[in-house]
Each structure stands twice: as structure tokens, then as C-alpha cells.
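Residue numbers (the working numbering): 322 to 830. Heads up: the structure comes next, in C-alpha cells.
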């Protein structure tokens with residue numbers, strides 16, 4: 322059977338079908354995506370840094386978020402945030418430039434702010450409602466002071482005492498800080514804890530005036546430090562390591578306290594536990610990873626308890642809270658507090674204000690929603706949207722390439738062009754349909770031409786060259802060996818391999 326006449330008659334219908342299909346399907350998928358985004362973002366407001374506004378705030382990388390006595394929301398962030406900003410109920414206002422790592426509400430309602438490590442400021446910035454004052458750290462006046470010596474954390478306990486964590490070339494200490502506002506100076510006690518081969522991961526205060534510190538060591542097996550990894554509490558006289566905590570508490574990331582006085586402890590890879598003063602109880606272990614030293618988006622980062630005694634904890638990509646008896650998990654995929662990113666939004670802090678709104682700081686901005694409005698989309702809905710997104714990706718580039726290849730194939734068959742050209746067009750059509758998109762392929766910040774498109778272009782050029790060879794060959798040599806087909810295949814394979822190797826060795830993922 323001669324298939325050529327059949328193809329000449331069938332291709333025009335396929336050409337029309339492809340035009341209609343590739344013109345209408347993206348619009349249908351776009352409407353589905355818009356409906357999904359409306360449902361995902363329901364109830365959420367996301368604030369980002371407005372780069373064109375020099376006074377803008379509420380974006381960038383937020384590290385810590387707190388609420389002051391007048392219900393303003395304060396966020397400490399990176400320079401892209403502008404530094405230290407607060408939300409007055411209608412807009413974000415940049416309050417202080419710089420790179421900030423930690424915030425705490427002072428005993429008289431002041432805002433205490435600590436610069437990020439490496440920001441060349443050793444001290445605590447204090448805002449009393451009228452203006453700012455920087456209280457220098459103990460090493461700031463020394464001639465050898467540099468960016469590796471500074472205060473990196475601040476916490477205020479239930480009795481109004483201010484506690485700070487200091488870093489000194491990798492050695493970290495905990496000291497009490499006293500502020501003399503009349504003399505505008507701060508004094509520091511002798512270090513209560515000194516860690517030489519690890520870090521003080523968290524410093525949290527309960528309502529009874531106790532301070533809880535989580536100590537990490539980078540290698541527990543080799544550490545000879547007098548303060549082993551674990552959770553420590555200071556009740557006014559001395560620091561004591563919590564007993565009965567087990568190996569899971571070697572990686573505590575934060576401690577919060579409910580109205581009954583029980584401590585809720587989040588560990589990086591041991592789940593969430595509670596301590597009632599006598600006994601430990603594991604509440605949730607589903608975030609546990611097998612190797613505590615591995616890098617994983619599932620490693621817990623923090624924990625908080627709001628004024629309704631709801632427990633919140635988070636990792637880099639999701640937030641979970643206990644709503645009565647049910648755990649509710651929301652992510653960028655099922656809730657609109659952040660854009661969906663390959664490596665997660667990198668959540669850094671979560672806080673619920675006195676209006677029962679949850680605030681989430683992440684790399685790129687701040688998300689806010691009333692707690693009652695948090696309704697994560699069901700998993701089947703997000704899965705369906707993933708399929709829609711995959712189909713949208715598959716359609717990219719085909720809206721012009723497939724009809725073009727069909728038209729060229731019809732012309733090649735109708736005008737009886739050499740077999741190498743016809744075969745090149747057929748291969749290109751199959752490749753574009755099965756292995757697209759052939760136009761642009763994103764790699765993070767890069768946009769790179771897909772090697773398949775390079776293969777198609779050079780394959781068709783190879784088909785043309787092969788056709789010219791076929792035309793100039795003697796009749797008896799046109800099939801043995803098939804030089805025209807070999808040149809066409811060479812045009813597909815060699816540029817594809819060369820370009821792919823260039824991308825790989827050029828450092829692209």
C-alpha cells in the first residue's frame with residue numbers, strides 16, 4: 322500500500338485540528354489555573370517589598386515577627402526588606418535600615434532589635450516609642466572588634482530581665498543585659514553559659530521567669546564541652562539540663578508554653594514533645610527524618626503557641642497548627658501565603674496577633690490570614706492542578722511548532738522532496754509531540770534553549786544536505802550506503818550531544 326497519497330490527504334485535516342487544539346486548550350487550562358489560584362489564595366494577603374518605593378517594607382527575607390503593645394506588627398529582615406519594618410494596620414513602614422536577625426518586646430514595651438551576624442553592629446537597638454538608641458555590646462569598643470563578635474539573639478523573661486546570646490569567633494555565650502536609660506548605657510553579666518564547639522540554637526522565656534536554652538554541638542561524639550547538647554532551664558539560681566529528655570532533644574529548635582504551664586518543644590528531627598514538669602510526651606513524630614544531620618525541607622524550624630492555646634510549628638515549606646483536636650497543615654501549594662517555589666518558601670517565623678490573624682515570614686515576604694479563614698485546598702484538588710500544570714508545560718511551544726512541521730511535511734510529500742527531508746520532518750514532528758516543550762527550558766534563574774529544538778533545527782538542515790547528496794549521487798549508489806539518511810541522523814544527534822554537554826559542563830543544573 323502506498324501511504325504517501327493517504328498522508329497528503331490526511332495532513333491538512335491534522336493541520337486544522339492542531340491549530341484549533343493548540344489555540345483553545347491553553348485558554349481552557351488558563352481558566353482552570355485562575356480558578357485554582359482564587360481558591361488557593363482565599364483569605365490570604367501577601368506583602369512583598371516594593372523595590373520602586375524607597376520607603377516600602379513588608380517583603381524580602383523576614384527573620385522574626387512580633388507584635389507590640391499598640392498592635393503594630395514588627396518584622397526583622399534582610400536588607401531587601403529594608404531592615405526593620407512595622408505594619409500599622411494599613412501599610413508597611415520602614416523604621417530602621419540594616420540587616421536584623423531577632424526582635425523582642427522589652428519590659429516597658431520597648432522594641433529590642435538585634436542585627437544579623439556580619440552586620441558590623443555589636444549591640445541592641447531599642448525603640449522607646451519616640452526614637453532609637455543603640456546600646457553597645459561588651460566587645461564593641463575593643464580595637465579588635467569585628468563582624469564575628471556581636472549579640473545575635475535577645476529574649477525577655479517573665480520578670481522583665483533581658484537575656485542575650487553573644488557570638489565571639491564561634492564561641493557563644495548567654496548573659497543578662499541591664500539597660501540604664503538615664504545614662505544610655507548597658508551592662509552585661511558574666512556569661513551564664515559558654516559554648517565553644519556548638520551553638521545556642523534558641524532562647525525562650527516562660528511566664529514564670531524561667532529561661533530555656535537549646536544547645537547544639539556540631540559533633541556530639543567528639544565534643545568535650547561541659548554543656549552537652551540538650552535543653553537547659555534557668556530558674557533564677559543555676560542552669561540545669563532537663564532530665565529524661567532522650568536523644569531526640571539534641572536538636573531543639575524552639576520552646577513554647579501553654580496556659581497550663583506545660584512546655585512544648587520542637588526538635589529539628591525528633592518531632593514535637595511536651596513536658597509537664599515531670600514527664601515527657603511525644604505529640605507528633607511525622608516530621609522526623611532518619612539522619613538529623615541531613616539537609617531536608619522537613620526539618621522543623623520553630624514552634625509558637627497563640628493566646629487561644631493553639632500550637633503552631635513549621636519547617637521550611639509548611640506550617641501546621643492544632644485546631645482543637647485536628648492538625649491542619651498548609652503549604653504554598655494548598656494555601657496562598659507564599660508563592661510555590663522549588664525549594665520551599667523558607668519559612669522563618671509564625672505569629673498570631675490579638676485579632677486572631679496568623680502572620681508568616683518567609684524568604685520573599687510576609688503572609689497574613691485570619692485563622693478562621695485558613696481552609697487548605699484538598700489534596701485531590703492540588704494534585705489535579707499539578708496535572709494541569711504538567712499539561713500546560715507539555716503544550717508550550719507546540720502551538721507554533723506542530724502546525725509548522727505538519728505544513729512542511731505536506732509540502733515535502735506533495736512536491737516529492739528527497740526521503741531525507743521527509744524523514745527529518747517526521748522525526749521532528751514525533752520529537753516535538755512527545756518530548757517538548759522545544760522552545761525555552763527554565764533552570765532556576767536561567768532560561769536556556771531546549772537541546773531538542775537545536776536537534777530539530779540541525780536535523781532538518783541535515784535532511785536538506787542529505788537531500789542534495791541524494792540528488793547528486795549516481796542512481797546505483799543511492800541506496801548503498803544511504804549517505805543521505807546518515808547525514809540527516811548526524812544532523813540530529815551531534816548538535817544535540819554537543820549542546821547538552823555544553824549546558825552540563827557550563828554549570829547549569
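A virtual CB, placed ideally from N, CA and C, is assigned to each residue, including glycine.
Note down the Cα distance separating residue i from residue j, rounded to an integer number of angstroms.
i	j	result
residue 627	residue 701	30 Å
residue 572	residue 538	9 Å
residue 629	residue 428	23 Å
residue 638	residue 525	23 Å
residue 632	residue 697	17 Å
residue 645	residue 337	58 Å
residue 499	residue 647	43 Å
residue 774	residue 721	13 Å
residue 634	residue 620	11 Å
residue 887	residue 687	Lying before the first or after the last residue shown, residue 887 is absent from the chain, which here runs from 322 to 830.
residue 578	residue 479	12 Å
residue 771	residue 782	17 Å
residue 350	residue 334	24 Å
residue 752	residue 475	59 Å
residue 410	residue 393	7 Å
residue 343	residue 641	41 Å
residue 442	residue 368	28 Å
residue 735	residue 809	20 Å
residue 661	residue 598	41 Å
residue 505	residue 530	25 Å
residue 819	residue 803	24 Å
residue 798	residue 792	11 Å
Between the Cα of residue i and the Cα atoms of the options, which residue gives the shortest distance?
i	options	result
residue 785	331, 746, 337 and 657	746
residue 730	720, 684, 529 and 743	743
residue 435	409, 396, 414 and 364	396
residue 748	725, 777 and 724	777
residue 780	822, 726 and 802	726
residue 650	791, 770, 692 and 674	692
residue 681	675, 663, 665 and 658	658
residue 433	473, 738, 740 and 550	473
residue 386	673, 704 and 716	673
residue 535	528, 527, 552 and 519	552
residue 589	706, 522, 728 and 789	522
residue 570	581, 355 and 592	592
residue 407	341, 425 and 388	388
residue 458	481, 482, 451 and 488	488
residue 683	690, 671, 363 and 677	671
residue 622	602, 582 and 575	575
residue 328	796, 732 and 424	732
So, with DSSP's three-state summary, where would you put residue i?
i	result
residue 824	helix
residue 794	coil
residue 677	coil
residue 589	coil
residue 784	helix
residue 353	helix
residue 389	coil
residue 581	coil
residue 343	helix
residue 361	helix
residue 481	coil
residue 641	strand
residue 625	strand
residue 331	helix
residue 497	strand
residue 476	strand
residue 348	helix
residue 692	helix
key: Continuous alpha helix (DSSP H) assignments of at least 4 residues falling wholly in the stretch 700 to 775   = Whole alpha helix (DSSP H) segments, 4+ residues: 700 to 716, 719 to 735 and 740 to 756.
Beta strand (DSSP E) runs contained entirely in the stretch 410 to 445, provided each spans 3 or more residues = Those beta strand (DSSP E) runs which fall completely within the stretch 410 to 445 and span 3+ residues are 413 to 417, 421 to 426 and 432 to 436.
query = Taking one C-beta from the stretch 507 to 520 and one from the stretch 489 to 498 each time, how about it: are there three or more such pairs within less than 8 Å?
reply = These segments touch.
key: In chain order, each alpha helix (DSSP H) run of at least 4 residues that lies wholly inside the stretch 501 to 573   = Within the stretch 501 to 573, no complete alpha helix (DSSP H) run reaches 4 residues.
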